[in-house]
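Here is the structure we will look at, set down as structure tokens.
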Amino acid sequence: MRRVVITGIGAVTPLGNDIETTWDNSIKGLSGIGCITKFGPSGLHSKIAGEVKDFSPEKFLPRKDIQRLDPFIHYAVAAATMAAEDAKLVSQESIVMSHEPNHPSPPFAEWGNNTNLLTLNSKLLNSAGVVIGSSRGGISSLSRAMEKHLLNGKPFSAYLMSASTINMASSCISMKFGIKGPALGISTACASGTNAIGEGFRMIRHGEIDVALAGGADAPVCRLAVGGYGASGSLSKRNREPQKASRPFDMDRDGFVIAEGAGVIVLEALEHALKRGARIYAELAGYGVSSDAFHQTRPDSDGEAIAIGKALKDAKVSTEEVDYINAHATSTPSGDIAETGAIKKVFGRKADDIHVSSCKSMLGHMLGAAGAVEAAITAVSIDRGIIIPTINLDNPDPGCDLKHVTSVIRQEINVAVTNSFGFGGVNAVLVLRKFTGQHR
46 MRRVVITGIG AVTPLGNDIE TTWDNSIKGL SGIGCITKFG PSGLHSKIAG EVKDFSPEKF
106 LPRKDIQRLD PFIHYAVAAA TMAAEDAKLV SQESIVMSHE PNHPSPPFAE WGNNTNLLTL
166 NSKLLNSAGV VIGSSRGGIS SLSRAMEKHL LNGKPFSAYL MSASTINMAS SCISMKFGIK
226 GPALGISTAC ASGTNAIGEG FRMIRHGEID VALAGGADAP VCRLAVGGYG ASGSLSKRNR
286 EPQKASRPFD MDRDGFVIAE GAGVIVLEAL EHALKRGARI YAELAGYGVS SDAFHQTRPD
346 SDGEAIAIGK ALKDAKVSTE EVDYINAHAT STPSGDIAET GAIKKVFGRK ADDIHVSSCK
406 SMLGHMLGAA GAVEAAITAV SIDRGIIIPT INLDNPDPGC DLKHVTSVIR QEINVAVTNS
466 FGFGGVNAVL VLRKFTGQHR
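In terms of my numbering, the sequence shown has 268 at position 223, counting the first letter as 1, and numbering is strictly consecutive.
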């Protein structure tokens with residue numbers, strides 16, 4: 046089986062509209078959480094969110110498609126474009142698109158004449174794939190359309206269904222770049238982005254494709270999603286202190302903070318990356334999945350532990366080799382305790398020596414995008430030898446007694462684990478390691 050490396054990263058998050066800004070604000074320990082501005086949250090239990098700020102979709106999309114497509118697709122296309130650029134896989138060639146006469150032009154049809162068009166090197170078009178995960182897909186568009194229809198009788202758009210389906214993010218990315226390989230949409234709740242990366246990893250490893258744009262995107266900051274999650278008791282109600290609301294592993298945590306954005310990484314077969322002299326952030330060495338088979342919303346540490354163990358075995362990595370865990374750590378009372386239990390089951394006494402931190406303390410919970418952004422940040426951590434902190438961990442829960450990182454640590458990271466667990470008991474785990482060029 047082939048080895049797989051990470052050669053490009055793109056991100057749109059509450060901490061920044063690219064990976065460098067997101068990274069810089071993460072190591073500063075800043076919070077991207079604030080009061081909701083995208084709609085009026087009156088009457089809802091939770092009125093806070095991690096919103097994407099000052100994002101310009103016109104940099105990545107034709108104007109008419111901005112109106113037709115849900116924001117989660119805007120974010121996905123933007124993150125994929127930045128990842129492909131970062132990996133130096135793009136050129137300014139034009140794609141000549143032909144359509145049957147008298148048929149309406151589909152989204153992206155005019156991009157052949159767009160001066161901002163980016164296309165993967167023509168040799169890669171048939172050997173590349175796209176895998177994007179999303180938990181809620183076009184829920185923002187659906188929520189707005191229903192509100193306008195019920196309040197004002199506004200008719201539904203002809204594009205509403207096609208522009209809000211989960212697979213449309215992958216499809217639009219493939220259309221933008223002319224990628225002819227697999228274009229898959231994955232939906233496994235909050236594990237979606239991690240599963241998407243894992244499936245891209247598997248396809249490259251087994252020789253089906255050479256390159257994958259893989260990650261996750263979600264745009265759930267809308268009345269329907271915030272109201273629904275709030276009604277389930279999942280969201281924080283710390284509305285007067287938004288920046289203090291997401292507090293993984295802390296005694297005073299009261300739920301997660303919903304957030305939006307996207308993360309996409311370029312996965313590449315090692316020999317392909319070396320041949321073209323690509324920069325390598327890290328090696329993606331292992332992937333593990335499992336199901337709790339337990340409860341719709343309550344987590345189970347046994348199921349989570351199985352996924353962690355599978356990922357380590359897949360990577361041929363021992364528990365003693367792991368230096369860092371980027372935890373799922375949503376800031377829910379039961380979730381953080383369950384994850385702590387899973388880590389202890391897998392690592393035993395070694396758990397006391399492994400640094401653990403949570404991106405969600407700063408970003409909030411980006412649902413299907415969370416695992417992808419966290420994998421991206423973990424890759425940068427390995428590349429730069431820096432571990433980001435968990436903020437707001439003022440009073441650690443004794444039931445979450447791990448080696449928490451509360452301020453930036455500079456340390457070589459040889460092996461890192463990143464966890465993602467979702468409603469329905471779906472678990473996905475990735476193992477990343479520092480690229481050394483040595484085969485195992």
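All C-beta atoms in this analysis are idealised placements derived from N, C-alpha and C, irrespective of residue type, glycine included.
Give the C-beta separation of residue i and residue j to the nearest angstrom, bearing in mind that I take them to be a contact with Cβ-Cβ under 8 Å.
| i | j | result |
| --- | --- | --- |
| Lys361 | Val401 | Not confirmed; about 23 Å, so no contact. |
| Asp295 | Asp446 | Between Asp446 and Asp295 the Cβ distance is about 13 Å, and since that is not below 8 Å, they are no contact. |
| Ile303 | Ala94 | 5 Å |
| Ile184 | Ala123 | So it is not a contact: roughly 19 Å between Cβ atoms. |
| Ser180 | Asp115 | Incorrect: roughly 13 Å between the Cβ atoms, too far for contact. |
| Asp371 | Thr463 | Note on residue identity: the sequence assigns Asn, not Asp, to residue 371. The Cβ separation is near 4 Å, so the contact holds. |
| Ile231 | Ala173 | Rounded, the Cβ-Cβ distance is 17 Å, inconsistent with contact. |
| Ser376 | Pro293 | 5 Å |
| Gly331 | Val471 | Not confirmed; about 18 Å, so no contact. |
| Phe466 | Glu384 | 7 Å |
| Ser291 | Ser406 | 5 Å |
| Asp299 | Arg283 | 6 Å |
Does DSSP classify residue i as helix, strand or coil?
| i | result |
| --- | --- |
| Leu114 | coil |
| Val362 | coil |
| Ser180 | coil |
| Gly61 | strand |
| Ala51 | Note on residue identity: the sequence assigns Ile, not Ala, to residue 51. Strand, per DSSP. |
| Ala56 | strand |
| Ala323 | coil |
| Val122 | helix |
| Ser167 | helix |
| Asn159 | Note on Asn159: pLDDT 42, under 50, position unreliable in the model; no value is reported. |
| Ile351 | helix |
| Ile382 | helix |
| Ser139 | Bear in mind that a pLDDT of 40 at Ser139, under 50, signals an unreliable position, so the number given afterwards is only what the model happens to contain. In the structure shown, Ser139 sits in coil (DSSP, three-state: anything other than H, G, I, E or B). |
| Gly482 | coil |
| Ile72 | helix |
| Ala31 | Absent from the model: residue 31. The displayed extent of the chain is 46 to 485, so no value can be given. |
| Lys109 | helix |
| Ile388 | helix |
| Ala203 | coil |
| Asn147 | Since pLDDT at Asn147 reaches only 43, below the 50 mark, its modelled position is unreliable, and no value is offered. |
At a Cβ threshold of 7 Å, is residue i touching chain D?
| i | result |
| --- | --- |
| Ser91 | In summary, chain D is missing from the structure at hand, where a single protein chain is found. |
In terms of residues, what are the limits of the beta strand (DSSP E) holding residue i?
| i | result |
| --- | --- |
| Ala372 | Run containing Ala372: none; DSSP gives neither H nor E here. |
| Gly331 | Ala327 to Ser336 |
Could you give the first and the last residue of the continuous alpha helix (DSSP H) run that contains residue i?
| i | result |
| --- | --- |
| Ser12 | Lying before the first or after the last residue shown, residue 12 is absent from the chain, which here runs from 46 to 485. |
Measuring CA to CA, which of the options is closest to residue i?
| i | options | result |
| --- | --- | --- |
| Thr423 | Met46, Gly306, Ala56 and Asp345 | Ala56 |
| Val266 | Val50, Asp63, Ile78 and Met206 | Ile78 |
| Pro227 | Ile249, Lys133 and Arg292 | Ile249 |
| Ala121 | Pro59, Arg113 and Ile218 | Ile218 |
| Arg47 | Glu313, Ala414 and Glu365 | Glu313 |
| Ile328 | Pro344, Phe339 and Val311 | For the record, residue 328 in the displayed sequence is Glu; it is not Ile. Closest by alpha carbon: Val311. |
| Ala417 | Ala236, Glu96, Ile72 and Ile431 | Ala236 |
| Ala473 | Met213, Asn70 and Ile242 | Ile242 |
| Arg324 | Lys83, Asp428 and Glu253 | Asp428 |
| Thr210 | Leu196, Lys225, Thr239 and Ile177 | Ile177 |
| Ser277 | Ser76, Ile81, Ser91 and Phe466 | Ser91 |
| Ser486 | Phe480, Val334, Ile224 and Ala350 | As displayed, the chain neither begins before 46 nor continues past 485, which places residue 486 out of reach and without an answer. |
| Ser452 | Ile432, Val256 and Val97 | Ile432 |
| Cys404 | Ala414, Asp398, Ala396 and Lys395 | Ala414 |
| Glu457 | Gly430, Val476, Gly261 and Gly482 | Gly430 |
| Ala420 | Val460, Ile399 and Val391 | Val460 |
| Phe117 | Leu408, Ala214, Leu170 and Arg189 | Ala214 |
| Thr233 | Phe468, Arg478 and Gly482 | Phe468 |
| Asp442 | Ile382, Leu412 and Arg268 | Ile382 |
| Ala356 | Ile388, Thr342 and Ile454 | Ile388 |
| Glu286 | Ala257, Asn212, Cys80 and Met191 | Cys80 |
4 or more residues per run - each alpha helix (DSSP H) lying fully within the stretch 230-317: 237-250, 268-276 and 287-290
Uninterrupted beta strand (DSSP E) stretches inside the stretch 392-477 (no shorter than 3 residues): 400-402 and 460-467
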